[in-house]
Structure formats: structure tokens, C-alpha cells
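Everything below concerns the one structure shown next.
There are 2 protein chains.
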Amino acid sequence: MTDTNLVDNLARLSFLVQNTLAELAGRHDLSLIQTRLLGVLRDHEPTMQELGRHLGLDKSSISGLVDRAQRRGLVTRTAGETDRRVTRVSITADGLALATEVAGVFAERIAEFTAGLSPAERRTLAELAGRIVS
Amino acid sequence: MTDTNLVDNLARLSFLVQNTLAELAGRHDLSLIQTRLLGVLRDHEPTMQELGRHLGLDKSSISGLVDRAQRRGLVTRTAGETDRRVTRVSITADGLALATEVAGVFAERIAEFTAGLSPAERRTLAELAGRIVS
DNA sequence: CTAATTAGTTTGTACCACGAACCTTCTCGG
DNA sequence: CCGAGAAGGTTCGTGGTACAAACTAATTAG
């Protein structure tokens with residue numbers, strides 16, 4: 001049955017979560033990284049390099065990522081006001097709708113996965129996961 | 001503080017675990033998928049399409065993946081004995097050493113992440129994660 | 001005002017993933 | 001037994017992802 005190997009089970013859980021998110025995003029022709037990009041932009045209007053820090057990517061990778069998202073009308077670039085070297089990236093209405101849709105379905109799917117747990121167990125899991133990531 | 005949003009915390013935890021594995025693998029010039037490949041081959045000697053099922057990839061993706069791993073001497077192809085259409089993939093000594101090394105460091109890192117949990121909490125986490133993935 | 005720094009883009013390389021076309025090797029029905 | 005179709009892999013073309021290095025434009029330091 002469900003063994004208690006912490007490392008294995010965390011690894012498998014992480015693959016399950018990531019694959020789930022990738023699959024749901026893929027239905028809207030979004031990659032994992034594009035989805036993360038939109039997720040960040042829901043709460044921020046960062047510069048290119050702030051985006052790089054958020055996502056852990058090189059600035060040249062960000063250029064391409066934003067290029068492709070912009071081509072699809074999901075984000076826009078805005079020139080910085082004071083410092084004209086910087087570029088701020090914002091999410092568009094289309095991008096926001098897509099991000100919200102994917103996030104919603106993802107939450108539903110996670111709920112299904114954890115349906116076999118009691119409410120107390122779900123709280124415990126959320127709390128332990130929260131302590132690890134913080 | 002560590003809030004108790006289950007979906008968010010599971011998502012963040014999964015990114016933490018995956019990024020950790022990707023970073024550790026990257027030190028040996030392995031991608032996540034190459035590492036998973038070696039991980040599967042530690043316990044199996046699958047055909048190409050069995051590999052595809054394990055990893056959730058198209059057979060054409062497997063061809064390239066195994067090509068690159070073979071070029072680095074991490075795996076070998078063997079022609080099937082009875083059915084000569086099939087190709088079995090095996091891990092080499094070099095590949096096994098690499099997989100073992102990465103797995104070991106990964107386990108250490110997970111141990112560090114969960115060091116703030118009590119032994120009982122770690123058992124609980126392992127058990128809850130195990131029930132979700134099973 | 002020049003020199004160094006910083007933000008971002010471009011270019012070249014490699015990996016990753018897919019579908020479609022293709023080859024070889026079975027397998028099955030007649 | 002043999003020809004049609006199915007099955008296992010590979011190849012090719014396309015596109016996303018990631019990085020480093022070279023480059024441009026704008027800002028800041030001296």
C-alpha cells in the first residue's frame with residue numbers, strides 16, 4: 001500500500017501536480033512556463049529582469065517568452081516612464097481570462113486529488129506544505 | 001505566515017521539488033527528463049514504447065531522448081530477441097553511477113527542506129502524499 | 001563629458017516535444 | 001503460403017524553451 005518514503009512520495013506528488021498543471025494549460029495551448037508567466041503577471045507588473053528573478057530565467061529567455069506571449073495578445077510591453085531602458089510587462093484582458101480559467105480548473109483538479117483526505121488531513125497537508133515552502 | 005491554502009501550497013511545493021531536482025541534475029548536465037529516464041532504467045529494461053508510457057511521451061520523443069543519452073554513454077539499445085522490431089533500453093554503469101549520485105543528493109536536499117518538521121510530521125506528510133499519488 | 005554600468009534584444013546552439021511520413025518486422029485471414 | 005494490415009522505431013519538419021555571448025540604447029559615475 002501507500003508506503004511512507006518521504007522523498008519518493010514528495011517527488012511523485014510534485015510530478016503529479018506539475019503534470020496536471022501542464023495538461024490543463026496545454027488544453028489552452030499554454031506551456032507550464034507561459035502559465036507561470038501569466039500567474040506572476042496577475043499580481044505584478046514587473047520589468048523584464050524582475051520577471052527573470054521570479055521565474056528563475058536568464059533575461060534572454062524572458063525576451064523570447066514575452067515575445068511569444070505578446071504575439072498571442074496575452075501580455076503587453078510598456079516603456080518605463082522615468083528610466084527608458086526598462087520595459088514593464090502587463091497582462092491583457094485575454095491573458096487574465098486565460099490565467100483565471102486555468103487556475104480555476106487546476107484548483108478543481110487538486111480538490112479531486114485530495115478528495116480521499118478528511119478535512120482535517122487536508123488542513124494538515126496544507127500547513128506542512130506551507131511550512132516547507134516558506 | 002504559512003497560510004493554509006491547499007492548492008497554492010501544493011503548487012509551490014511542487015515547484016520547489018522540481019526546481020531542486022532540475023538544479024541538482026543540471027550540475028551533471030542532466031535535464032529533468034534525462035534524470036527521469038535514468039531513474040526508470042534503474043528498475044526496468046523497457047522497450048521504447050514502454051518507456052514512452054512511463055514518461056508520458058510520444059515514441060518519437062523517446063527516440064531522441066535515448067539518442068542523446070546513448071551518445072553520452074548513459075544507456076544502450078539492445079535488439080529484442082524474439083520480436084526483432086522492439087528495442088530494449090538499458091542503463092550503463094556510467095548512467096547508473098550518475099543516477100545514484102543525483103538521487104542521493106536529492107534525498108539530502110529534501111531532508112534539509114523538511115528538517116523543520118518533527119519526525120511525526122514527516123511521517124504524516126509522507127503518508128498523505130502517498131495516499132494522493134496512489 | 002567620457003567611461004563604465006545597466007536593461008533589454010539578437011544571434012547561435014542545443015534540448016525537448018509533437019505529428020506525419022516512412023521502413024521493417026510481425027500477424028492474421030483466406 | 002502469401003498478401004494486407006498492424007505494430008515498433010526512426011526520421012523529418014516545426015516550434016517552444018534555455019543559455020551564453022555580442023550588441024544597442026539609456027543612465028550613472030567620476
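Those protein sequences? They're chains A and B, same order as listed.
Quick note: the first sequence, position 17, residue 17 per UniProt numbering, numbers continuous.
Quick note: the second sequence, position 15, residue 15 per UniProt numbering, numbers continuous.
Glycine residues also receive a C-beta, built at the ideal position from the N, C-alpha and C atoms.
The structure presented is a predicted model; accordingly, all values stated were derived computationally and were not measured.
- Within the DSSP bridge table, the entry for Ala79/A names Thr87/A as partners.
- Flagged as an interface residue toward chain B: Thr114/A, by a C-beta distance shorter than 8 Å.
- Secondary structure in the UniProt domain "HTH marR-type" (3-134) of chain B: the alpha helix (DSSP H) runs of 4 residues or longer, each lying completely within the stretch, are 6-26, 32-43, 48-55, 59-71, 93-113, 119-133 in chain order.
- Against chain A, the CB of Thr4/B has a partner CB under 8 Å away; the residue lies at that interface.
- Close CB contacts of His54/A within its chain, under the 7 Å cut and outside five residues either way in sequence, are with Val40, Pro46 (chain order).
- Taking all protein chains in view, the Cβ of Gln34/B is crowded by 16 or more other Cβ atoms within 10 Å, so the residue is classified as buried.
- Interface with chain B (8 Å Cβ-Cβ cutoff): Gln18/A is included.
- Contact between the segment 13-33 of chain A and the segment 103-110 of chain A is established, with three or more Cβ pairs separated by less than 8 Å.
- Judged by beta-carbon spacing, Arg42/B lies within the 8 Å limit of Leu96/B, meaning their Cβ atoms are closer than that value.
- Contact between the segment 113-126 of chain A and the segment 6-18 of chain B is present: three or more C-beta pairs spanning the two stretches fall below 8 Å.
- When rounded, the separation of the alpha-carbon atoms in Ser134/B and Leu65/A is 35 Å.
- Here Ala79/B is exposed, its C-beta having fewer than 16 other C-beta atoms within 10 Å.
- The beta carbon of Glu101/B sits no closer than 8 Å to any beta carbon of chain A.
- The beta-carbon distance between Asp94/A and Leu74/A, rounded to whole angstroms, is 6 Å. This is short enough to meet the 8 Å contact definition.
- Rounded to the nearest whole angstrom, the CA to CA distance from Ser14/B to Ile62/A is 22 Å.
- Not flagged as an interface residue toward chain A: Ser63/B, since no C-beta distance is shorter than 8 Å.
- Close to Ile33/B, with beta-carbon spacing below 7 Å, lies no residue of chain A; the smallest spacing is near 11 Å.
- No Cβ of chain B is located within less than 8 Å of the beta carbon of Thr87/A.
- Taking a beta-carbon distance threshold of 8 Å, Ile91/B does not count as an interface residue toward chain A.
- For Glu121/A, the chain B residues whose Cβ falls inside 7 Å of its Cβ are Leu128, in order along the chain.
- Distance from the CA of Arg27/B to the CA of Asp29/A, rounded to the nearest whole angstrom, comes to 31 Å.
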